[in-house]
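Numbering (the working numbering), first residue to last: 626 to 1110.
The C-beta atom is built at its ideal place from N, Cα and C for all residues, glycine as well.
Remember, it's a predicted structure, so these values are computed and weren't measured experimentally.
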Amino acid sequence: MALVGAGPGDPGLITVAGLEALRTADVVLYDALAPRSLLREAREGAELCAVGKRAGAHIATQAEIEALMLARAKEGKRVVRLKGGDPFVFGRGSEELRACKEAGVPCTVVPGVTSAIGAFAYAGIPVTHRGLAGAFMVINARSMNDGATSWRAAAEVDTLVLLMGAENLAECAERLVAEGRAPDTPAASVQWGTRPDQRVATGTLRDIAERVAADGLTAPLVTVVGPVAGLASELAWFDPGPLAGRRVAVTRSRAQASDLVALLEAEGAIVTEAPAIELVSRGGTPDLCEAVAAPADWWAFSSANGVHVAMETLAAAGLDSRALAGRRIAAVGEATAAALAGYGLRPDFVPEQSWSTALAELPAEPGETVTIFQSNLSTPDLPLALEARGLTVRPVTAYENRPVALTEEQLEAVREADAITFTSSSTARNLHAALRADAGDLTAALVSIGPSTSTAVRECFGRVDAEAASPGLGELVRAVIDALE
């Protein structure tokens, strides 16, 4: 059992130890404020359980959470309790550690960056600063009437941090003034601190609640009171990028999505993975083994997936790229060429257009043999075009493109997205089928990677709002930016 602090929102703030625990876990019980993108780091097949608690909306009670984590641990599974911020800063981590100890379940604690410091750091506000603040205090704003907090001490400390104070910020400010804090003391509130959609309101103790309400800031909200809050404008540094806070759904298969997700997040997008397809390798099947062993003048690839499956099958036969001596290679697109380069191979022919039928232009002579590594959804257009030139064509299914049953949570994220990306015709068709009656209600910008994909998107949804200037992930991200500007 491991209690892991995930940090305040930016997934990059999780510690190395926390990431290692997450990647090796059999079960992950995650809170509502734990960065959802960190779940991509969990291993394939890990059980992912949402047990989040937000004000007024509890998926599970604390007792139920503790019972579940202990039950899974006693089954011999490696359990990670993934918590926003730090487990021991108003995170009830000590209660969960106690439950483990009482049950005889070994447990480790992996500290995390608390929002009491991290959220303000991203807003340019240090909690201490030479000459302004030599001490700081963190309190739970919801507990102002339980007698556990000394509001006199809170009013006197250099820097006061209020957590969970969105609902009663005005009441907290009044209490601090009543205890002697000057009404003109600088104050700042941060919503979704460290995330691309971070928002900051600044003012004084007298008017911070009004500023927060006027700017529409809501929970999760953290507030700082003290002279350091006045440094926000001077020290502001966080620039999440042109897609700051925009929600983008990626429909690519999970195995392929990481590069696109990283590019979008680098521009400030909040990315939801809604993989409408999964790609299943057929490596090692008899027809593939026969195909890689059979004589051929050309090997043709329309995607990186076919490259990987062909090379895996070659390796399973105890061979490597030297077995391809004398064969020429054709590849569609930069990604496919890059996949070949990973095996020390350089394609002999890359068509200018990045769609599979462009391979019909490969410089082969009549009578030569071409083995095409393709998906189960590939059309007969390319083989027919090559056969019409007098070539012997051997199409082989290297991988299967299958639809994925999306969860209701994923579908809801798609409905709420500002943009949806499509990287193949099948992603468009499968998402359309998953949305069913809701498909016509999408308000998101629909962004396609290329002409053939655009055709499918238009057939399914009636429109395409942007298309990449040339097929490639970088151009696709640029198209998303242009569509949302």
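**Asked** Got a sec? Which residues, its chain only, sit under 6 Å from D656 by beta carbon, not counting five neighbours each side?
**Response** G677, K708, G709
**Asked** Would you report the Cα separation of W980 and V705, rounded to the nearest angstrom?
**Response** 43 Å
**Item:** Cβ neighbours of W817 in the same chain (closer than 7 Å, five flanking residues each side left out)
**Value:** G634, Q823, R824, P845
**Prompt:** Any idea if A919 is buried or exposed, counting beta-carbon neighbours within 10 angstroms, 16 or more meaning buried?
**Reply:** exposed
**Contacting residues, own chain, Cβ-Cβ under 7 Å from T774 (five flanking each side not counted)** = I764, S768
**Request:** Compute the distance between the beta-carbons of I1045 and A1069, then report whether it is under 7 Å.
**Result:** yes
**Message:** Extract the residue ranges of the beta strand (DSSP E) inside the segment 907–972, only unbroken runs of 3 or more that lie entirely within it.
**Reply:** 923–926, 953–956
**Prompt:** Just how far apart, CA to CA, sit C914 and G1065?
**Reply:** 44 Å
**Prompt:** For the alpha helix (DSSP H) that contains S883, what are its first and last residues?
**Reply:** 879–891
**Prompt:** What do you reckon, are the CB atoms on V1021 and A1104 nearer than 7 Å?
**Reply:** no
**Item:** Through-space distance from L1056 to A989, alpha-carbon basis
**Value:** 38 Å
**Request:** Please state whether DSSP places L1007 in a helix, a strand or coil.
**Result:** helix
**Straight-line gap, V652 to A627 (C-alpha atoms, nearest Å)** = 11 Å
**Message:** Just to confirm, is the Cβ distance from T1052 to I1074 under 7 Å?
**Reply:** no
**Message:** For a test of the three-state rule: what should DSSP assign to S1073, helix, strand or coil?
**Reply:** strand
**Message:** Going by DSSP in three states, Q823 sits in which element: helix, strand or coil?
**Reply:** coil
**Message:** In this structure, how does DSSP classify E835 when only helix, strand and coil are distinguished?
**Reply:** helix
**Asked** Taking three-plus beta-carbon pairs below 8 Å as touching, is the segment 871–887 in contact with the segment 831–838?
**Response** no
**Asked** If you draw a straight line from the alpha carbon of F745 to that of W776, how long is it in whole angstroms?
**Response** 22 Å
**Message:** Less than 8 Å between C-beta atoms, sequence neighbours within five positions excluded: which residues of the same chain meet that for A880?
**Reply:** E903, L904
**Message:** On the CB-based measure, 16 or more other CB atoms within 10 Å of its CB, does N1001 come out buried or exposed?
**Reply:** exposed
**Message:** Helix, strand or coil for C732? Go by DSSP, reduced to three states.
**Reply:** coil
**Message:** Starting from N1026, trace the beta strand (DSSP E) in both directions and tell me its first and last residue.
**Reply:** 1017–1028
**Request:** Take V959 and list the residues in its own chain whose beta-carbon comes closer than 7 Å to its own, dropping the five residues that flank it on each side.
**Result:** For the sequence presented, residue 959 should be read as Glu rather than Val. So the list reads G1097, once near-sequence residues are dropped.
**Prompt:** Taking DSSP as the reference, what is the three-state secondary structure of I690?
**Reply:** helix
**Message:** Within 10 Å of its beta-carbon, does R668 have 16 or more other beta-carbons around it, so buried, or fewer, so exposed?
**Reply:** exposed
**Asked** So with Cβ pairs under 7 Å, would you call A803 a contact of chain C?
**Response** Of the protein chains in this structure there is only one, and it is not chain C.
**Per DSSP, cross-strand counterpart(s) of S814** = A826, T848
**Item:** First through last residue of the beta strand (DSSP E) which encompasses E986
**Value:** E986 -> no beta strand (DSSP E), and no H or E assigned at all.
**Item:** Three-state secondary structure (DSSP) of G737
**Value:** coil
**Message:** Does the contact criterion of 3 or more C-beta pairs under 8 Å hold for the segment 961–974 versus the segment 990–1000?
**Reply:** no
**Message:** Give me, in chain order, the residues of the same chain whose beta-carbon lies closer than 6 Å to that of G908; leave out the 5 immediate sequence neighbours on both sides.
**Reply:** V934, E937, T938
**Among V886, T848, P821, the one whose alpha carbon lies nearest that of F863** = P821
**Request:** Can you grab the Cα-Cα spacing for the pair E700 / A891, in whole Å?
**Result:** 39 Å
**Request:** Starting from the C-beta of I895, find all residues in its chain whose C-beta is less than 8 Å away, skip the five residues before and the five after it, and write them out in chain order.
**Result:** R820, P821, D822, G870, R871, R872, V873
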